[in-house]
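Please read the structure below before turning to the comments.
In this note's numbering, the protein residues as written are 13 to 385.
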């Protein structure tokens, strides 16, 4: 069973390349793989500004995506990869050893290859976290102190973890510790969303029952507007918790862990958001239908119309506000689902990298190769 090949770069017609950011771990990992090939490492002179293609089979690619495979260069047995010169002739063997999760591994190589997936999943995490920060700022005067503190703590932790993954300076122990913390953040956000569903449902019941006709037109008008505003605040709080939950899933997806759990969690989040979208629509449509009922016992028609117009305008504004926050969360979930789909597809295809080394054998450029559709 062959996991991959290391070759000098040949024509890559019908492909496109995306340059990758090279940090220390990625540099060490790729250089380790290339230098592990005797023919490439035997003479620095042979490596003068040379380009090499590292091709990992679909099995290796899938292992890198879901964290089930760890790879290291080895001089002893194992699964070997052909090293081919510029004429396509096999000149020696390089070793790309697959080891189990419990096995020994060269950490720099493992981390370096894991960055390939991490960079994609963390591409827009800063934007997501900034949205959470704005949401907390907008709602902080309405949030209970305990819930506000929990959201702020989760945001700070996710920022720190995303930065650490970007730097790729995590040990295996760090990764499993962080996975546990992410689990806690997800669970807390999910509990927050669950705790908000009963009151949101109750607002619908109250909107059905409230009296809008007869004596006390101003009071009836104020009560209806107040009901719409409190529903909006609670719904935004629900969306904020959903955003935190989604960001935690996104950061989790960037770690070299199995992604099946993350995909299931994302499906669950999507279902909760769909239920909330239907709840919002039902509530706003109900109050909109009831606007004509807003009439005083002895008020002028013009006065009734004024109050009705005010309520209708507020409901339209609430609908726009909630539509905006709903769209932000749904867009984040949709983007993450698309990335899962891309990684799942790429996990069934070979993974191909083009590495450029300088005269000292140091990695100066790394690109990922994609087949053009």
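Backbone N, C-alpha and C fix where the C-beta goes; we use that ideal spot for every residue, glycine too.
At least 3 beta-carbon pairs within less than 8 Å: the stretch 243 to 257 vs the stretch 341 to 351: yes
Beta-ladder partner(s) of residue 225, from DSSP: As a working mapping, residue 225 is identified with position 213 in the chain shown. Note: residue 225 sits in a beta bridge opposite 307.
Residue environment, residue 188, which counts as buried when at least 16 other CB atoms sit within 10 Å: Counted from its first residue, the chain shown places residue 188 at position 176. Result: exposed.
Helix, strand or coil at residue 297 [DSSP, three-state]: If you number the chain shown from 1, residue 297 lands on position 285. Helix.
Buried or exposed by the 16-neighbour rule on C-beta atoms within 10 Å, applied to residue 339: Here residue 339 refers to the residue found at position 327 when the chain shown is read from its first residue. Only exposed fits residue 339, as fewer than 16 other CB atoms lie within 10 angstroms of its CB.
Endpoints, alpha helix (DSSP H) assigned at residue 151: The count along the chain shown starts at 1 and reaches residue 151 at position 139. Segment 137 to 151, the alpha helix (DSSP H) holding residue 151.
Pick from 192, 304 and 151 that is closest to residue 246, judged by C-alpha positions: Here the question's residue 246 lines up with position 234 in the chain shown. The shortest Cα separation from residue 246 among 192, 304 and 151 belongs to 151.
Cα-Cα separation between residue 375 and residue 178, rounded to whole angstroms: The residue labelled residue 375 in the question sits at position 363 within the chain shown. The residue labelled residue 178 in the question sits at position 166 within the chain shown. Spanning the two alpha carbons is a distance of roughly 19 Å.
Separation of residue 292 from residue 233, as counted between CA atoms: On the chain shown, position 221 is the one that residue 233 refers to. On the chain shown, position 280 is the one that residue 292 refers to. Computed Cα separation, rounded: 20 Å.
Per-residue DSSP class, three states only, for residue 272: Indexing the chain shown from 1 puts residue 272 at position 260. If DSSP states are grouped into helix, strand and coil, residue 272 belongs with the helices.
Buried versus exposed, by CB contacts within 10 Å (16 or more), residue 263: Residue numbering aside, residue 263 sits at position 251 when the chain shown is read from its first letter. Within 10 angstroms of the beta-carbon of residue 263 lie 16 or more other beta-carbons, which makes it buried.
The stretch 224 to 241 touching the stretch 305 to 318, judged by at least three CB pairs closer than 8 Å: yes
Coarse secondary structure for residue 343, derived from DSSP in three states: Walking along the chain shown from the start, residue 343 turns up at place 331. Helix.
From 194, 160, 287 and 155, residue whose alpha carbon lies closest to that of residue 172: Numbered from 1 along the chain shown, position 160 holds the residue referred to as residue 172. Minimum Cα distance to residue 172 is reached at 194.
Residue 289 versus residue 330: straight-line alpha-carbon distance, rounded: Counted from its first residue, the chain shown places residue 289 at position 277. Counted from its first residue, the chain shown places residue 330 at position 318. Approximately 13 Å between the Cα atoms of the pair.
Residue 139 classed as buried or exposed, judged by whether at least 16 other C-beta atoms fall within 10 angstroms: Here residue 139 corresponds to residue number 127 of the chain shown, with the count starting at 1. It is exposed - the Cβ of residue 139 has fewer than 16 other Cβ atoms within 10 Å.
Rounded C-alpha distance that separates residue 145 from residue 282: Walking along the chain shown from the start, residue 145 turns up at place 133. Walking along the chain shown from the start, residue 282 turns up at place 270. Straight-line Cα distance between these residues: approximately 21 Å.
Those residues which DSSP pairs with residue 376 across a bridge: As a first step, residue 376 is located in the chain shown; it is residue number 364 there, counting from the start. Beta-bridge pairing links residue 376 to no other residue.
Per-residue DSSP class, three states only, for residue 366: Position 354 of the chain shown, counting from 1, holds the residue named residue 366. In the structure shown, the three-state DSSP call for residue 366 is strand.
Residue 199, buried or exposed, once every other Cβ within 10 Å from all chains shown has been counted against 16: Taking the chain shown and counting its residues from 1, the one referred to as residue 199 is at position 187. Residue 199 comes out exposed.
Per-residue DSSP class, three states only, for residue 381: Mapped onto the chain shown, residue 381 falls at position 369. Three-state result, residue 381: strand.
Residues bridged to residue 29 (per DSSP): One-based indexing of the chain shown puts residue 29 at position 17. Looking at the DSSP assignment, residue 29 forms a beta bridge with 381.
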